[in-house]
Amino acid sequence: MKVLAITFCFFLFFILTNTKLSVCIGICRENEQQTLESLKKEVYDPANFLSSWIVGKDCCEWEGVVCHNLTRHVIELHIGNGLYVHLSRYDLRIYNFDWLPSLSNLENLEMEDVDLSNVTNWLQVINMLPSLVDLRLYKCSLHHIPPLLHHNFSSLETLDLSGNNFSSSIPKWVFNLPNLVSLNLAYSNLIGAIPREAGNVTKLRNLYLAYNKLNSTIPNWIYRCKDLDSLFLNANNIKGLVSNAISNLSSITSIDLSENMLSGKLPNVIGKLSKLSSLSLSKNLFEGEVFELFNSRSNFLPAGLRNSFSLTQLGLGNNKLTGTLPESLGQLSMLEWFDISNNRLEGVVTENHFTNLTKLEYFKASDNNLTLGVSQNWIPSFQALDIEISGWNIGPHFPMWLQTQKYIQRVDISNGGIQGEVPTWFWNLSSQVQFLDLSHNQFVGEVPIISIPSWLMLSGNKFTGPLPQISPNVNALDLSNNSFSGGLSHFLCETNDNVSYILEFLNLEGNDLSGEIPDCWINWPELIVLNLRDNNLIGGIPKSMEVLSNLKSLDFRRNRLTGPLPSSLSDCTKLLKIDLAENEFVGQLPPWLGMKFSDLIILSLSSNRFYGELPPEICYLKDLQILDLANNSFFGTIPRCIGNLIAMIAGSKWREADIDYNYNYSRVPVRESAMVTTKGNIYQYDKTLALVTSMDMSINNLSGDIPISFTSLVELRICNFSKNHLTGRIPNGIGDMKVLESLDLSENQLSGQIPQSISSLSTLSFLNLSYNSLSGKIPVGSQLQSFNSSSFQGNELCGLPLLVNCSLGGQIRHVDTEKDERDEDELDWFYIAMSIGFGLNFWGVCSCLLFKRSWRHAYYRFLDSCWESLCVKIQVWEWI
Numbered sequence: 031m032k033v034l035a036i037t038f039c040f041f042l043f044f045i046l047t048n049t050k051l052s053v054c055i056g057i058c059r060e061n062e063q064q065t066l067e068s069l070k071k072e073v074y075d076p077a078n079f080l081s082s083w084i085v086g087k088d089c090c091e092w093e094g095v096v097c098h099n100l101t102r103h104v105i106e107l108h109i110g111n112g113l114y115v116h117l118s119r120y121d122l123r124i125y126n127f128d129w130l131p132s133l134s135n136l137e138n139l140e141m142e143d144v145d146l147s148n149v150t151n152w153l154q155v156i157n158m159l160p161s162l163v164d165l166r167l168y169k170c171s172l173h174h175i176p177p178l179l180h181h182n183f184s185s186l187e188t189l190d191l192s193g194n195n196f197s198s199s200i201p202k203w204v205f206n207l208p209n210l211v212s213l214n215l216a217y218s219n220l221i222g223a224i225p226r227e228a229g230n231v232t233k234l235r236n237l238y239l240a241y242n243k244l245n246s247t248i249p250n251w252i253y254r255c256k257d258l259d260s261l262f263l264n265a266n267n268i269k270g271l272v273s274n275a276i277s278n279l280s281s282i283t284s285i286d287l288s289e290n291m292l293s294g295k296l297p298n299v300i301g302k303l304s305k306l307s308s309l310s311l312s313k314n315l316f317e318g319e320v321f322e323l324f325n326s327r328s329n330f331l332p333a334g335l336r337n338s339f340s341l342t343q344l345g346l347g348n349n350k351l352t353g354t355l356p357e358s359l360g361q362l363s364m365l366e367w368f369d370i371s372n373n374r375l376e377g378v379v380t381e382n383h384f385t386n387l388t389k390l391e392y393f394k395a396s397d398n399n400l401t402l403g404v405s406q407n408w409i410p411s412f413q414a415l416d417i418e419i420s421g422w423n424i425g426p427h428f429p430m431w432l433q434t435q436k437y438i439q440r441v442d443i444s445n446g447g448i449q450g451e452v453p454t455w456f457w458n459l460s461s462q463v464q465f466l467d468l469s470h471n472q473f474v475g476e477v478p479i480i481s482i483p484s485w486l487m488l489s490g491n492k493f494t495g496p497l498p499q500i501s502p503n504v505n506a507l508d509l510s511n512n513s514f515s516g517g518l519s520h521f522l523c524e525t526n527d528n529v530s531y532i533l534e535f536l537n538l539e540g541n542d543l544s545g546e547i548p549d550c551w552i553n554w555p556e557l558i559v560l561n562l563r564d565n566n567l568i569g570g571i572p573k574s575m576e577v578l579s580n581l582k583s584l585d586f587r588r589n590r591l592t593g594p595l596p597s598s599l600s601d602c603t604k605l606l607k608i609d610l611a612e613n614e615f616v617g618q619l620p621p622w623l624g625m626k627f628s629d630l631i632i633l634s635l636s637s638n639r640f641y642g643e644l645p646p647e648i649c650y651l652k653d654l655q656i657l658d659l660a661n662n663s664f665f666g667t668i669p670r671c672i673g674n675l676i677a678m679i680a681g682s683k684w685r686e687a688d689i690d691y692n693y694n695y696s697r698v699p700v701r702e703s704a705m706v707t708t709k710g711n712i713y714q715y716d717k718t719l720a721l722v723t724s725m726d727m728s729i730n731n732l733s734g735d736i737p738i739s740f741t742s743l744v745e746l747r748i749c750n751f752s753k754n755h756l757t758g759r760i761p762n763g764i765g766d767m768k769v770l771e772s773l774d775l776s777e778n779q780l781s782g783q784i785p786q787s788i789s790s791l792s793t794l795s796f797l798n799l800s801y802n803s804l805s806g807k808i809p810v811g812s813q814l815q816s817f818n819s820s821s822f823q824g825n826e827l828c829g830l831p832l833l834v835n836c837s838l839g840g841q842i843r844h845v846d847t848e849k850d851e852r853d854e855d856e857l858d859w860f861y862i863a864m865s866i867g868f869g870l871n872f873w874g875v876c877s878c879l880l881f882k883r884s885w886r887h888a889y890y891r892f893l894d895s896c897w898e899s900l901c902v903k904i905q906v907w908e909w910i
């Protein structure tokens, strides 16, 4: 039975305005009226949804039919289990396409958020619509690009397949559609190269291939598309140079090549593109002087961008650009958005740089070696929304010109060399301020009640006094590395119980805070990151922390906290990081530590008073990258299941080289960090945290051997088992751990020889095997002989880098050759098997002789014959 379950199909062929009406004034197009009348005959409609579809009446007045208010074309069709259901179309399913062939005269087919992955005949249906001008199937769960026959779709002008998951390259036929004007394949997991050749694409105006995995150069045919208006290739892996032929795109208004691997100098020929309004080259590998893009001839009009007075957006950030910022920038009078952050610029930026930038709203230039050389009385010609000049030389005086910015939403003047107190007027900025970063300056004094902004960063200054109270609107607060003192109760507990607080990020690290952690966390249920490291807090972890169900990062390192790990902590199941190191916690590790935190990445419990055996449940931590249990009183063996830590086998699941947390309100990521002890020093990792894997169980009372499964952790980079009571041999498979950089097994009771395979670890930069019972020759390898002799002392070893010569023997009890542990096992079994075989054969023969009389007589006669023969030979020899 045909059902009306074709939920949410939208028919669109072009939109001249954003207005969409359910009832329009005018006459419906005749061919579309007939098509819809035919549709009503085809559709099974038991609920009588189509009762208003009266033949002969204008179809634009039918319920569920939307016509364009100017062209009278049908642009939307709403039929299904209810009218206007398109307003919530995020989990849609299309079950039946049987009626679609009756719509073959329609020119536009648009589907959004519709799951077509299980529909087998949708491609056949599309091929029944040869009159299509506009085909849009975005976010339709497609896994392959439909092989449309371009000769059947010669009228197709718009093709939008964005938001799918193709995992394939772009088929060449896409660029053979003769009338194609707009192509959108963004966000579709495309791989491989952009086709080097294309057919007749002279009509192409819009090309969107952003946010894929394309890895080729920019093909030359793109530069021949003279009618191209928008070119978006951003967020791929596109490499190579930008050709000077880009100047042929005389009609282009928007170019976005950001987030790729493009290199070489900035293409200053872009200045010839007189219609260009938006240019983004950020996050590439461009180098050379930024002056080349502007290339001033008369120091007044820019030559590189001489025709680009229409330019409203210019992005050059995150490259390798050098030189000074040219004053000709100030001639781009239409410029609204400018980003040159994170480059290598130097020099002084004066008021002349901003002379005609009256429309400037976004100025992003952080992380350059620039100096702001403006007067204290300077009044900018612009009213900015966003000013980011972190890392500039701004001080020592506070930039008073910020007082003139009435609409400012984001200010970053961190690391600017500013001294003194923050002016009172600055704390009372407009309520529109959303982000304020004053960190890493030399501000002094107390901080008043914080009502704005939603994101406030004051770290690395000299603020004193009690912690300031905050309003419910504050989303993130960083007061770390100052001199705030007193307790936490006033800050955390004296809140308005009738108001919902949205604080997600709280960093109070490195202050002089004291007292107990208050038991009022019920007021802060949205917390994601909580950092109280490096204070003087005492007592235990309060029970109310169980309400922090969104918590992902918990850092209480270096306080004086006591007590066991409370079971209430087990309710914080989203935790990715737990750092309780350098406190006075006691007790055994509870099994839930491994069972509740399946996503945990960092577990650091070092330098406490934990004891007992390590629970095998710790092996359930499949995403664990950093395990630090050092300097406690753990005893027993290392769990045999230690080889089950998947992240140390297959590597981090994080794609980037850092681990960020994104927040619902501020939309500003915070980078996670971790403290790791390696090579005798403590390092903090943040930008490369996703690449770090470390296991530290040193300074405990662990015994037994190192499990063979340990060598399966082939992604482990740092290992420290020193100062325990480990026995047995170093596993021979340690040579399989190809990325191992630091290995410390010193001060144990390990015996046998050093495995020869360890010499193959080319990444090994630190090794300490001292003070064990190791013997024999140190394996010869490019790495081992480069280590200091102290790495091997306290053993019975010989060979370089030690001065003991293995060829002299003496106290060296073992020969040069190394016995593989598995070889010894095989040799032992050989002797055992030989003994068993000999015994079975011996008693088998004896049994036969004992119970078989004829065999026994024959055997005796055989012995007599042998004896007589032997006697004869002896007599002959004597005669000779």
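If you're matching positions, the sequence shown starts at 31 in my numbering and goes up one per residue.
By construction, the Cβ of each residue, glycine as well, lies at the ideal position given by its N, Cα and C atoms.
These numbers come from a predicted model, not from an experiment.
The residue among Pro-594, Asn-589, Ser-598 and Gly-593 with its C-alpha nearest the C-alpha of Leu-578 is Ser-598.
Taking C-beta atoms as the reference points, Leu-659 and Met-727 count as a pair closer than 8 Å. The alpha carbon of Cys-602 has as its nearest neighbour, out of Glu-556, Asn-565 and Tyr-641, the alpha carbon of Glu-556.
Residue pairing by DSSP places His-755 opposite Ser-733 in a beta bridge. The DSSP assignment places complete beta strand (DSSP E) segments of no fewer than 3 residues inside the region 190 to 243 at 212 to 214 and 236 to 238, in order along the chain.
CA-to-CA, the gap between Ile-300 and Trp-367 works out to about 18 Å. Contact annotation, Ile-558 with Tyr-713: C-beta distance approximately 25 Å; criterion of less than 8 Å not satisfied.
If you draw a straight line from the Cα of Arg-639 to the Cα of Asn-754, it comes to about 16 Å.
Between Gln-655 and Ala-680, the C-beta gap is not smaller than 8 Å, which leaves the two residues out of contact. When Cβ pairs closer than 8 Å are counted between the two stretches, the region 645 to 654 is seen not to touch the region 705 to 722, the count staying below three.
Assignment of Ala-704 by DSSP, reduced to helix, strand and coil, places it in the strand class. Annotation: Leu-651 to Leu-630 spans about 6 Å, alpha carbon to alpha carbon.
Sixteen is the threshold: when 16 or more other Cβ atoms of the shown chains lie within 10 Å of the Cβ of His-470, as they do, the residue is buried. Listed in chain order, the non-local C-beta contacts of Arg-374 below 6 Å within the same chain comprise Thr-352, local neighbours out to five positions each way being set aside. About 11 Å separates the beta carbon of Ser-246 from that of Ile-221, a gap too long to meet the 8 Å contact definition.
Closest in C-alpha terms to Glu-319, from the list Leu-306, Ser-411 and Gly-294, comes Gly-294. For Cys-170, the closest of Thr-434, Val-211 and Tyr-217 by C-alpha to C-alpha distance is Tyr-217. Ranking Gln-813, Leu-584, Val-463 and Phe-428 by CA distance to the CA of Phe-473 puts Phe-428 first.
Between the C-alpha atoms of Ser-340 and Ile-552 there is a straight-line separation of about 53 Å. Put simply, of Ile-419, Val-463, Asp-467 and Pro-496 the residue whose alpha carbon is nearest the alpha carbon of Ser-481 is Val-463. Residue state for Gly-570 is assigned as coil, using DSSP reduced to three classes. In the DSSP assignment, Lys-709 forms no beta bridge with any residue. Taking 8 Å as the upper bound for CB-CB distance, Asp-585 and Leu-606 are not in contact here, some 11 Å apart. The beta carbon of Ser-444 sits closer than 6 Å to those of Ser-420, Asp-467, Ser-469 and His-470, all from its chain and outside the five residues before and after it, given in chain order. The beta carbon of Cys-671 sits closer than 8 Å to those of Pro-646, Cys-649 and Ser-739, all from its chain and outside the five residues before and after it, given in chain order.
Within the region 791 to 834, the complete beta strand (DSSP E) segments of 3 residues or longer fall at 796 to 798, 803 to 807 and 826 to 828, listed in chain order. Assignment of beta strand (DSSP E) within the region 318 to 405, counting only whole runs of 3 or more residues, yields 343 to 345, 350 to 353, 367 to 369, 374 to 379, 392 to 394 and 399 to 402 in chain order.
Residue pairing by DSSP places Phe-262 opposite Tyr-238 and Asp-286 in a beta bridge. Spatial neighbours of Ser-192 in its own chain (CB-CB distance under 8 Å, excluding positions within 5 residues in sequence) are listed in chain order as Tyr-168, Lys-169, Asn-214, Leu-215, Ala-216, Tyr-217, Ser-218 and Tyr-238.
Note on geometry: alpha-carbon atoms of Ser-789 and Leu-721 lie some 23 Å from one another. Counting along the chain, the unbroken beta strand (DSSP E) around Leu-560 starts and ends at 559 to 561. Judged by beta-carbon spacing, Arg-587 lies beyond the 8 Å limit of Met-487, meaning their Cβ atoms are not closer than that value. When the beta-carbon positions are compared, Ile-668 and Gly-734 come within less than 8 Å of each other.
Counting C-beta atoms within 10 angstroms of its own C-beta, Asp-542 has fewer than 16 neighbours from the protein chains shown and is therefore classed as exposed. Distance from the CA atom of Leu-507 to the CA atom of Met-430, rounded to whole angstroms, is 24 Å.
For Glu-771, the CB contacts under 8 Å within the same chain, skipping 5 residues up- and downstream, are Thr-708, Arg-747, Ile-748, Thr-793, Leu-794, Ser-795 and Phe-796 in chain order.
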